[in-house]
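In this text, residue positions in the sequence shown follow full-length UniProt numbering: the first is 1, and each later residue adds one.
Step one of this worksheet: look at the structure below.
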Amino acid sequence: MTTLVVASTRHGSTREIAERICTTLREAKGVNAIVEDVSAASKILDSVDAVIVVAPVYRNAWHKPATAFVTAHQAELDKKSLFLAASGGSPELDAGIRAKLDTLGARDVTYLRGAVFEEKLGFLEKLQIKVAGGQYGDFRNWHAVEEWAKHVGTRGAV
Numbered sequence: 001m002t003t004l005v006v007a008s009t010r011h012g013s014t015r016e017i018a019e020r021i022c023t024t025l026r027e028a029k030g031v032n033a034i035v036e037d038v039s040a041a042s043k044i045l046d047s048v049d050a051v052i053v054v055a056p057v058y059r060n061a062w063h064k065p066a067t068a069f070v071t072a073h074q075a076e077l078d079k080k081s082l083f084l085a086a087s088g089g090s091p092e093l094d095a096g097i098r099a100k101l102d103t104l105g106a107r108d109v110t111y112l113r114g115a116v117f118e119e120k121l122g123f124l125e126k127l128q129i130k131v132a133g134g135q136y137g138d139f140r141n142w143h144a145v146e147e148w149a150k151h152v153g154t155r156g157a158v
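Below is the structure:
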């Protein structure tokens with residue numbers, strides 16, 4: 001049995017979260033887990049038993065490629081154990097985003113703090129962070145990432 005960890009990322013830090021989830025599943029739970037970019041995940045979707053989609057929050061929405069992946073493959077994902085993780089620089093996930101994620105049929109939805117590095121952002125992204133009063137930095141809590149991975153490993157991420 002295999003778990004697919006789908007990484008949807010814009011600047012790379014969410015991919016690192018997906019990789020840590022995958023490593024934790026392998027090492028702590030003995031799960032055969034692989035990480036794949038959201039753009040290629042559909043090619044192997046039929047060969048896995050569980051799917052974890054990890055994506056950042058941008059412009060007050062879950063990353064569009066992740067949303068498109070889940071929506072396009074909803075019928076197939078309904079037959080698998082599905083877990084969703086959102087990441088971002090905010091201290092908590094917006095209730096509206098959480099409500100939308102809760103409608104996608106996942107066994108578990110979580111929010112994991114991400115990283116926002118100024119040097120990786122374009123002008124408009126920096127402006128949005130400034131207007132929103134956001135901060136730059138690496139807010140990832142690796143212990144929380146690993147604990148959530150262990151948790152989903154007991155809930156069907158086999």
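Even for Gly, the Cβ is constructed at its ideal location relative to N, Cα and C.
Q | Endpoints, the alpha helix (DSSP H) within which S13 is located | A | S13 to K29
Q) What separation, rounded to the nearest whole angstrom, lies between the Cα atoms of G134 and G88? A) 11 Å
Q.
Taking 8 Å as the limit between beta carbons, can you name the residues of its chain near S42, skipping five residues before and five after?
A. Taken in chain order, the residues that qualify are F69, A72 and H73.
Q: Round the Cβ separation of G153 and K29 to the nearest angstrom and send it over; I've been treating them as touching at under 8 Å.
A: 4 Å
**Q.** Contact set for L121: own chain, Cβ-Cβ below 8 Å, skip 5 residues either direction
**A.** H11 and I129
Q | Nearest-angstrom Cα separation, counted from E19 out to V5 | A | Just so you know, the alpha carbons of V5 and E19 end up roughly 8 Å apart.
Q) Taking C-beta to C-beta, are L82 and G96 nearer than 8 Å? A) no
**Q.** Runs of beta strand (DSSP E) wholly within the stretch 34-91 (minimum 3 residues, chain order)
**A.** 50-58 and 81-88
Q: Could you check how far apart the C-beta atoms of E146 and T24 are, in whole angstroms? I think they sit under 8 Å.
A: In this structure E146 is in contact with T24, their Cβ atoms being roughly 5 Å apart against a cut-off of 8 Å.
Q.
Considering Cα atoms alone, identify which of L84, D78, K79 and T110 is closest to L93.
A. T110
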